[in-house]
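Since the structure comes first, as structure tokens, the remarks are kept for the end.
There are 2 protein chains.
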Amino acid sequence: MAASIKDVAREAGVSIATVSRVLNNINVVNEETKKKVLEAIDKLQYRPNIVARSLKTQKTSTVGMIIPDISSQFYPEIVRGAEDVANIYDYNIMLCNTDLDLEKEVNYLRVLREKMVDGILYMSSSLQPKILEFIKELGIPMVLIENTDKEKNFPSVSIDNEGAAYDAVTYLIKNGNKRIAYIGKKDDDNNITSMRYVGYKRALEENGINLDASIVYSSGLKVEDGYKGMLRVIESGNLDAVFCGSDECAIGAINALREKGIKVPEDVDVMGFNDIYEASVFYPKLTTVSQPMYDMGSVGMRMLIKIINKQKIEEKNYVLPYQLVERESCKK
Amino acid sequence: MAASIKDVAREAGVSIATVSRVLNNINVVNEETKKKVLEAIDKLQYRPNIVARSLKTQKTSTVGMIIPDISSQFYPEIVRGAEDVANIYDYNIMLCNTDLDLEKEVNYLRVLREKMVDGILYMSSSLQPKILEFIKELGIPMVLIENTDKEKNFPSVSIDNEGAAYDAVTYLIKNGNKRIAYIGKKDDDNNITSMRYVGYKRALEENGINLDASIVYSSGLKVEDGYKGMLRVIESGNLDAVFCGSDECAIGAINALREKGIKVPEDVDVMGFNDIYEASVFYPKLTTVSQPMYDMGSVGMRMLIKIINKQKIEEKNYVLPYQLVERESCKK
DNA sequence: CTGAAAGCGCTAACAA
DNA sequence: TTGTTAGCGCTTTCAG
């Protein structure tokens, strides 16, 4: 067993209270004794046991991150952003993959409480009211990333998905496109990405373009969804452009178009969403709406830590700026 | 404060020991009393405090994962594989991003010990002897993923990088290619990816092809490394194929070739390594060596958990199978 | 400035 | 079958 505070106390010839004091930089411990303690610590290679400390202080300096799937393309960078600021404040991260599965989420939430995490960063494109209720009961500080609850009960950091989609589609229209397809989520009230459809609709409306349901494909957000959706949409005749609910979708869509001998962007413009890593590396490079993933993670974590430490937060619901990044999948 | 074991004991009219027994399914607690306890637990919504338990049992049911960077394309799936099996055995994961920075690694290792993790999954393409030494001193069960220490002191799970590279280059040669460039790491003894260069060399040799240093580019493994390397290598005249140390490299290389009006695979074959997600989605889809990322994570975690629980492991150094996946970036 | 002692919530002898 | 009790390693009053 590693050395404990007792061993250090014995070695230094002081009480454990004194050792604890130097450990925590409390009061003005006499320089002499402090030195003795430090020497003992050094000699014994002592390191405090944080579990014991946590039991006493009721703080673990660890926060849970609940995410749908780390192996998707969207979340790793958020996690990274969060970890980087956690690291600054000496917090650690416990990672929980839920696959958006309610049961898993509840389970993890329970475990996180049992393990006494100080706070939770909760990511879910699809917020179930039940979960929110459950979290509230848990009484653990939490901030939502990527999404916001309708009642704005919880602190959050996200972007304006509706506005971003609106801007993106407006861009497409300004580019001379009229017949613009939509491939992505819609009409799922719990799912934030459905807001992109709302933005799409509004852009069309405000520009006097009639929505044609035959070129709207309601789907998931993966590559194969984009692929399938595109194939389906093509059947409804010629197109000027496609607005996709995600970059993965856009990639799938472009692959489908390519198979059909349709060129991007020469024949049709394709717009993605999120600006995941592939977007800048795919051929053609995706024109897309950039979500500040890293920043969402880092400001989310910063906010959470403030809440944990009962500091005031400047804003409860951060809406981070998005950016339309023009690359190669749309004509300029 | 949430209910503690005391509250439950009081509510059920038994001792805390009894409560603890039903909690841990120990002995044959009388059915009657068990029922009473269970009711009390239910009524008070009691959940055990795992931190307290950990202090007593010296086990936390959490393991640390030390990885270079979760936001790179390689690690998320490993983490996912690890998490999935951790979940089965009721372990949680503490995530640590090190950027391959020695100081950060040491720091995290320390914290992990202070937080009493039961084990560590350590990933690093570049194993520093110092770190290994440090870990040994820590005395925490650890398994290496993606890499192996030369002395085979630590349990590990990886693939045969040299053999895989050999196979890949041999494939290129069988395909009729003679002038085959290499873009990737070489001569870094600590870095496992350097072994790909060794395999490259051997394949050339065994097929009677002279190694031409002017088409070997020693570099990092990122997209821009591949891009730069390709540009450089092209200057040395015509090429039949390029073997890249990573898929990112290959993507960068292909982008460079495309800019020069050189077609892949019509004019030159490009082979990647790893089979990250982009490989199957990029245009052209990458022919590459597939590392079983998810499996490396899951068998690594399974092995670690066995070690933690003092069970025998069948094999100390797992060498998982790789696979050459033929797609579009090489002629067939 | 320092020490004694209580206690965080739990497990595990040991007794009964 | 159940209860009592001694810690796990630390922080934090409260005295001195």
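Top to bottom, those sequences are chains A and B.
Using the numbering used here, count along the first sequence one by one with no gaps and you end on 332.
Using the numbering used here, count along the second sequence one by one with no gaps and you end on 332.
In this text, a Cβ means the ideal position worked out from N, Cα and C, and glycines have one as well.
C-alpha of Val14 (chain A) to C-alpha of Lys36 (chain A): approximately 9 Å in a straight line. Pro284 (chain B) and Ile234 (chain A) have their C-alpha atoms some 22 Å from each other. Between Val8 (chain B) and Leu55 (chain B), the C-beta gap is not smaller than 8 Å, which leaves the two residues out of contact.
Taken atom to atom, the span from the alpha-carbon of Gly300 (chain B) to that of Leu320 (chain B) is near 11 Å. In this structure, Val270 (chain B) sits near Ser329 (chain B), with a CB-CB distance shorter than 8 Å.
Residue range Asn92 to Asn97 is occupied by the beta strand (DSSP E) that includes Asn92 (chain B). With respect to chain A, the C-beta atom of Ile131 (chain B) has no partner C-beta closer than 8 Å.
Three or more Cβ pairs closer than 8 Å define a contact, and the region 127 to 136 of chain A meets that threshold against the region 146 to 154 of chain A.
For the region 89 to 108 of chain A, the beta-carbon criterion of a distance under 7 Å to any beta-carbon of chain B is satisfied by Asn92, Ile93, Met94, Leu95 and Asn97. Not one beta carbon of chain B lies nearer than 8 Å to the beta carbon of Val299 (chain A). Here Ile88 (chain A) is exposed: its Cβ has fewer than 16 other Cβ atoms, across all protein chains shown, within 10 Å.
Just measuring C-alpha positions, the residue of A:Ala164, A:Gly229 and A:Gly119 sitting nearest Gly184 (chain A) is A:Gly229. Secondary structure note for Met65 (chain B): its beta strand (DSSP E) is the uninterrupted segment Thr62 to Ile67. In chain order, Leu211 place their CB closer than 8 Å to the CB of Lys201 (chain B), counting only its own chain and leaving out the 5 sequence neighbours on each side. The Cβ atoms of Met195 (chain A) and Glu162 (chain A) sit closer than 8 Å to each other. According to the DSSP secondary-structure assignment, Ser219 (chain A) is paired through a beta bridge with no residue. Residue state for Val85 (chain B) is assigned as helix, using DSSP reduced to three classes. Taking 8 Å as the cut-off, the beta carbon of Val143 (chain B) is found no closer than this to the beta carbon of Met293 (chain B). Residue environment: Asn49 (chain B) is assigned as buried (16 or more neighbouring CB atoms within 10 Å of its CB, all protein chains considered).
Scanning chain B for C-beta atoms nearer than 8 Å to the C-beta of Glu39 (chain A) yields nothing, as the closest lies near 19 Å away.
Residues of the region 63 to 75 of chain B with a Cβ closer than 9 Å to any Cβ of chain A, in chain order: Gly64, Met65, Asp69, Ile70, Ser71, Ser72, Gln73 and Tyr75. Counting only runs of 4+ residues, the alpha helix (DSSP H) found wholly inside the region 215 to 284 of chain B occupies 223 to 234 and 247 to 259, in chain order.
For Ala181 (chain A), the enclosing beta strand (DSSP E) begins and ends at Ile180 to Gly184. Counting other Cβ atoms within 10 Å of its Cβ, Thr60 (chain A) reaches 16 or more and is therefore classed as buried.
Looking only at B:Phe273, B:Lys331, B:Glu326 and B:Tyr318, the smallest Cα-Cα distance to Gln73 (chain B) is reached by B:Phe273. Around the CB of Thr62 (chain A), 16 or more other CB atoms lie within 10 Å, so the residue is classed as buried.
Annotation for Tyr227 (chain A): Gly252, Ala253, Asn255 and Ala256 place their beta carbon closer than 8 Å to its own, counting only its chain and skipping 5 residues before and after.
Between Met65 (chain A) and Val157 (chain A), the C-beta spacing is not below 8 Å.
Chain-ordered listing is empty here: chain B has no CB closer than 9 Å to the CB of Arg10 (chain A), the nearest sitting near 21 Å.
Per DSSP, Leu138 (chain B) lies in no beta strand (DSSP E); the unbroken alpha helix (DSSP H) holding it starts and ends at Pro129 to Leu138. Along the region 149 to 172 of chain A, none of the residues has a CB nearer than 8 Å to a CB of chain B. The Cβ neighbour count for Val28 (chain B), taken over all protein chains shown within 10 Å, is under 16; the residue is labelled exposed.
Rounded to whole angstroms, Ala17 (chain B) and Ala2 (chain B) show a C-alpha spacing of 19 Å. A Cβ-Cβ distance of about 6 Å is found for the pair Ile70 (chain A) and Asn97 (chain A), placing them in contact under the 8 Å criterion.
Per DSSP, reduced to three states, the secondary structure at Val19 (chain A) is helical.
Exclusion of the five residues before and after Met116 (chain B) leaves Thr60 as the residues of its chain whose Cβ lies within less than 6 Å of its Cβ.
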